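Numbering (mature numbering (1 follows the signal peptide of the UniProt record, and there is no 0)), first residue to last: -19 to -1, 1 to 479. From the three backbone atoms N, C-alpha and C, an ideal C-beta is built for every residue, glycine too. No experiment lies behind these values; they were computed from the predicted model shown. Accompanying notes for the structure given below.
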């Protein structure tokens, strides 16, 4: 009897061992560039990580495994692999990693903004979409957009009358800041203690440190020392404290109740906080409100201002496309003081220009990282739990297997094309896709279309004296958003005097 039990146990263990060996045999790791001990592949990330990772993917393929410090990280760089991550296996990797850098700050609302996918996060997202980003709500902001585009036109017209150079990068940021803050926060900088110029710098600094690769994110037990030595920790603390002060000033203005009785999104959030409203698993707190507003700022300001600047940059580098889009606008619109949202529905080539701009210059070139919560496969490669995962949108837009002449600015490639930016076509993902898709897509698109159409309608544009088309650079600035490194300086010429 003992022998029978022994043989049975041996057979059972053998079956388990064979199954484990078979499973291990079928677990294929994605190709990986060689790294160094301790730091892994961190040394291969340049100032612009999306470009460094794109170059590596040319050698190692669209699914690539790297080690950033102690963190295994997979980069996907094609539309087909992005579809697997964001659609087919979205549930397997819809969580966010817990980033050590922002959490190490004395202010923790940035950590809340990038919290794991859970019922609480889903409830907040649902509320934001209903109260701020729904098509009906976005359309209600049109008087604000019209007021601010008129201010922008008047400012540029004054420069045109003097034949002066205009800093369009600066103008577009100011335009989007004012629209976003008025529409979303009920804040009008004029006549208040808040300073719009200072706030624009706060947003720029926030984009910079949120997009940085932090040692404390990849060396949880001691990386903060490196961040402290490099000055990154100090920059973060100053930036977050300044943003915190801005939010508190904004809350004070709302609590004064002198906004002519109009309730906005911030009023709603403060009311829910005061009533100790339970959302998901917990009460809405002041830090949660700041986290929500931070996401609104990133989505509302970054996408629009950056896209407007890149679109004008590419049009100035491609006079044929500039002439074509201006002809379409002026032939369709005729003689009007301002283009409306209804007019934009007729401007098909303008929409192609914007799509092509998003292809070459996605506002967020690397999606905010996800974390794998259950094992799955991409292209027969096993992606284990706790792996950090990035989608390189910038690389997808330059994939020669998807796009013909990918480095060329050719809006015509979207003629008779079903590809759009709504998140279902993985060749073009300026707003992401899946459960983590940007909820402000409609708001951002509307602002870009409205701003660009009016600037192209109202003015012809020339380069400063002594400058030629070949002098226009495409250098990118580091950070969460790939903005133009050098400001776009142009000379406006008034097209019509209304």
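Check: When the distance is taken between beta carbons, is residue 53 closer than 8 angstroms to residue 340?; Outcome: no
Check: Which residue's Cα is closest to the Cα of residue 214: 182, 464, 197 and 46?; Outcome: 197
Check: May I ask you to list the residues that DSSP assigns as paired with residue 371?; Outcome: 56
Check: Have a look at 147, 36 and 358 and flag the residue whose alpha-carbon is nearest the alpha-carbon of residue 9.; Outcome: 358
Check: Would you identify the three-state DSSP class for residue 389, choosing helix, strand or coil?; Outcome: coil
Check: If the criterion is Cβ atoms closer than 8 angstroms, does the pair residue 227 and residue 420 meet it?; Outcome: no
Check: Which same chain residues end up closer than 7 angstroms to residue 247 when comparing Cβ atoms and leaving out the 5 residues on each side of it in sequence?; Outcome: 166, 167, 231 and 235
Check: Which residue marks the beginning of the beta strand (DSSP E) containing residue 363, and which one marks its end?; Outcome: 362 to 364
Check: Is it buried or exposed for residue 327, if we count other Cβ within 10 angstroms and need 16 for buried?; Outcome: exposed
Check: What residues match up with residue 492 in a beta bridge as DSSP calls it?; Outcome: The chain is shown only over -19 to 479; residue 492 falls outside these bounds and no answer can be derived.
Check: Between residue 311 and residue 273, what straight-line distance do the alpha-carbon atoms span, to the nearest angstrom?; Outcome: 40 angstroms
Check: Roughly how many angstroms separate the alpha carbons of residue 174 and residue 463, rounded to a whole number?; Outcome: The predicted model places residue 174 with a pLDDT of 48, which falls under 50 and marks its position as unreliable, so this point remains unresolved.
Check: What residue does the alpha helix (DSSP H) around residue 48 start on, and which one ends it?; Outcome: Looking at the DSSP string, residue 48 is not in any alpha helix (DSSP H); the run it does join, the beta strand (DSSP E), is 44 to 49.
Check: Is it buried or exposed, residue 431, if we count other Cβ atoms within 10 angstroms and call 16 or more buried?; Outcome: buried
Check: With DSSP collapsed to three states, give me the class of residue 334.; Outcome: helix
Check: Please report the residue range of the alpha helix (DSSP H) in which residue 35 lies.; Outcome: 30 to 41
Check: Report back the beta-carbon spacing between residue 435 and residue 154 to the nearest angstrom; my notes put them in contact at under 8 angstroms.; Outcome: So it is not a contact: roughly 16 angstroms between Cβ atoms.
Check: Spatial neighbours of residue 27 within its chain, please: CB distance less than 7 angstroms, with the 5 preceding and 5 following residues excluded, ordered by chain position.; Outcome: 33
Check: Quick one: using the 10 Å Cβ neighbour count with 16 as the cut-off for buried, is residue 439 buried or exposed?; Outcome: buried
Check: Would you decide whether residue 159 is buried or exposed? Buried here means 16 or more other CB atoms lie within 10 Å of its CB.; Outcome: buried
Check: Below 8 angstroms between beta carbons: does that hold for residue 404 and residue 204?; Outcome: no
Check: Output the residue ranges of the beta strand (DSSP E) runs that lie fully inside the segment 413 to 459 and measure 3 residues or longer, sorted by chain position.; Outcome: 440 to 443
Check: Does the pairing of the segment 378 to 387 with the segment 348 to 358 give three or more beta-carbon distances under 8 angstroms?; Outcome: no
Check: I'd like to know whether the C-beta atoms of residue 331 and residue 309 end up nearer to each other than 8 angstroms.; Outcome: yes
Check: Just reading off the beta strand (DSSP E) that residue 273 is part of, what are its end residues?; Outcome: Where residue 273 is concerned, there is no enclosing beta strand (DSSP E), although the alpha helix (DSSP H) it sits in stretches over 267 to 278.
Check: So what's residue 355 in DSSP terms, helix, strand or just coil?; Outcome: coil
Check: Is the separation between the beta-carbon of residue 293 and that of residue 461 shorter than 8 angstroms?; Outcome: no
Check: Per DSSP, residue 17 is paired with what?; Outcome: 21
Check: Where are the alpha helix (DSSP H) runs, 4 residues long or more, that stay fully inside the segment 295 to 325, in chain order?; Outcome: 300 to 314 and 322 to 325
Check: Where do the N-terminal and C-terminal ends of the alpha helix (DSSP H) with residue 226 fall, by residue?; Outcome: 213 to 237
Check: Can you say whether residue 40 is buried or exposed, counting buried as having 16 or more other CB atoms within 10 angstroms of its CB?; Outcome: exposed
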